[in-house]
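In the numbering used here, the protein residues as written are 6 to 475.
All C-beta atoms, glycine included, are put in the ideal place defined by N, C-alpha and C.
If you're wondering where the values come from, they're calculated on a predicted model, not measured in any experiment.
Accompanying notes for the structure given below.
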């Protein structure tokens with residue numbers, strides 16, 4: 006088996022991920038088969054040669070792709086050579102599954118080798134008792150830093166920050182600073198600026214690394230430092246922090262506490278992860294599935310979907326009750342039963358379009374109290390315009406289909422009303438939920454669909470009942 010593996014991976018240079026992925030970006034099935042066979046045969050030689058050297062993101066993809074029973078066995082076979090950073094690249098359910106099976110001593114040893122932001126990412130998933138036991142095994146300084154980061158709210162900049170940074174007093178010279186960085190063992194893995202602080206750790210400014218290296222050794226730091234670009238409060242929501250990075254093209258930013266003391270640094274790689282997570286979260290919540298992952302088991306998936314399906318059942322019954330008000334009209338004119346789903350469907354799609362744009366605008370900060378009125382008027386105009394166009398199209402279809410131009414007029418009028426209502430519901434409901442502090446992404450779709458269904462059915466059947474006198 007090891008000889009077969011050589012044909013696939015022996016020529017693969019370290020850091021080159023081309024050979025383990027297929028043309029669709031998925032881990033190659035033949036590589037998965039080789040790893041699975043190596044795990045089954047407990048072939049640690051193959052695993053050390055071809056799995057240990059994988060980049061953390063590649064190892065994360067491998068852990069997600071292999072069979073669950075092979076996943077834990079692979080981690081055990083790698084032992085201390087398993088790169089814990091890979092756990093920051095996998096779904097939460099898989100990360101919990103692996104960490105729960107690892108001894109706390111092994112986790113503590115691995116945590117000590119990670120950057121603080123990666124360490125926090127893993128520690129926050131643990132039970133409080135296990136977390137405290139692991140922290141107790143770490144050096145005092147590192148333990149204090151990690152505890153401070155864990156004390157900040159979930160999804161805050163403080164949770165995402167790195168607590169490793171370079172900070173110097175303003176009276177140091179360039180030479181002293183360079184000598185300090187050469188001698189210091191606990192520097193960040195990579196950084197682009199150093200921070201300037203006073204004796205209380207209050208942030209005074211920053212110096213870009215390229216400017217530092219171009220200055221003479223005897224130059225004082227205070228003469229070349231600049232004001233810090235947009236320091237980020239540790240309590241700030243991570244999505245707001247990501248928006249600052251996007252707006253000002255930041256590579257890194259200082260994180261400060263309520264007293265403006267430097268407590269960490271937020272870097273662009275963490276922000277990219279935040280943007281990905283927030284976009285992923287918004288898409289899932291628009292579908293009413295919360296934080297569900299493909300790796301979740303059946304029971305947890307059922308639980309996560311049940312509530313919104315139950316709410317949807319209630320709203321569907323509400324729509325059915327509206328139809329029930331006109332049961333006699335439907336009995337007398339079967340064409341109404343044929344056409345009413347068209348009105349509701351068009352309204353539902355139009356409302357979903359507006360809602361999607363609104364939820365995304367709220368998430369990015371493009372929609373606020375200052376421009377809400379203008380956007381509402383715009384969406385209302387769009388709803389009327391689309392309603393008018395499709396009322397003509399659908400009216401002509403209905404008149405031709407059922408040889409009744411009056412029926413075409415009725416469905417056309419209902420179409421205008423419902424698309425107008427859909428536009429208003431698509432923007433007003435997310436705004437209302439946002440104002441109430443609820444997540445507009447997870448709640449809007451159910452309520453917007455309810456509004457468009459009820460409005461569409463009532464408008465179409467009501468106008469038809471009145472117009473035809475049935």
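DSSP places residue 198 in no alpha helix (DSSP H) but in the uninterrupted beta strand (DSSP E) bounded by 198–202. At a Cβ-Cβ threshold of 8 Å, residue 396 and residue 426 do not count as neighbours. Rounded to the nearest whole angstrom, the CA to CA distance from residue 258 to residue 180 is 24 Å.
Comparing C-alpha distances from residue 469 to each of 345, 306, 43, 441 shows the shortest one belongs to 345. Taking every protein chain shown into account, the CB of residue 311 has fewer than 16 other CB atoms within 10 angstroms, so this residue is exposed.
The beta-carbon separation of residue 384 and residue 349, rounded to 19 Å, does not stay under the 8 Å limit for a contact.
DSSP, read as helix, strand or coil, puts residue 167 in strand.
In the three-state reduction of the DSSP assignment, residue 375 falls in the coil class. Of the candidates 31, 52, 30, the residue whose Cα lies closest to the Cα of residue 39 is 52. Residue nearest to residue 356 within the set 459, 190, 32, 232 is 459 (criterion: CA-CA distance).
Pairing residue 327 with residue 302, the inter-Cα distance amounts to about 38 Å. Take the alpha-carbon of residue 205 and the one of residue 73: they are about 50 Å apart. At a Cβ-Cβ threshold of 8 Å, residue 172 and residue 200 count as neighbours.
For the set 371, 174, 103, 79, the Cα lying nearest the Cα of residue 46 is the one of 79. Per DSSP, residue 272 is one residue of the beta strand (DSSP E) stretching across 267–272.
Burial check for residue 250: the Cβ neighbour count within 10 Å reaches 16 or more, so the residue is buried. Contact between residue 262 and residue 268 holds: their C-beta atoms lie close to 5 Å from each other, under 8 Å. For the options 402, 154, 118, 165, the alpha carbon positioned closest to that of residue 190 is the one of 118. Straight across, the Cα-Cα distance linking residue 232 with residue 255 is about 14 Å. Contact annotation: residue 92 and residue 128 have beta-carbon atoms that are not nearer than 8 Å.
Straight-line measurement puts the Cα of residue 403 at about 7 Å from the Cα of residue 412. Taking each of 139, 188, 211 in turn and checking the Cα distance to residue 198, the smallest one comes out for 211.
Leaving aside the five residues that flank residue 432 on each side, the residues in its chain whose CB is nearer than 6 Å to its CB run, in chain order, 359, 363, 381, 384.
If you ignore the 5 residues before and after residue 193, its C-beta comes within less than 8 Å of the C-beta of 120, 167, 169, 170, 171, 270, all in its own chain and listed in chain order. Beyond the five residues adjoining it in sequence on each side, residue 135 comes within less than 7 Å, by CB distance, of 109 in the same chain, given in chain order. One thing to note: residue 67 has its Cβ within 8 Å of the Cβ of residue 59.
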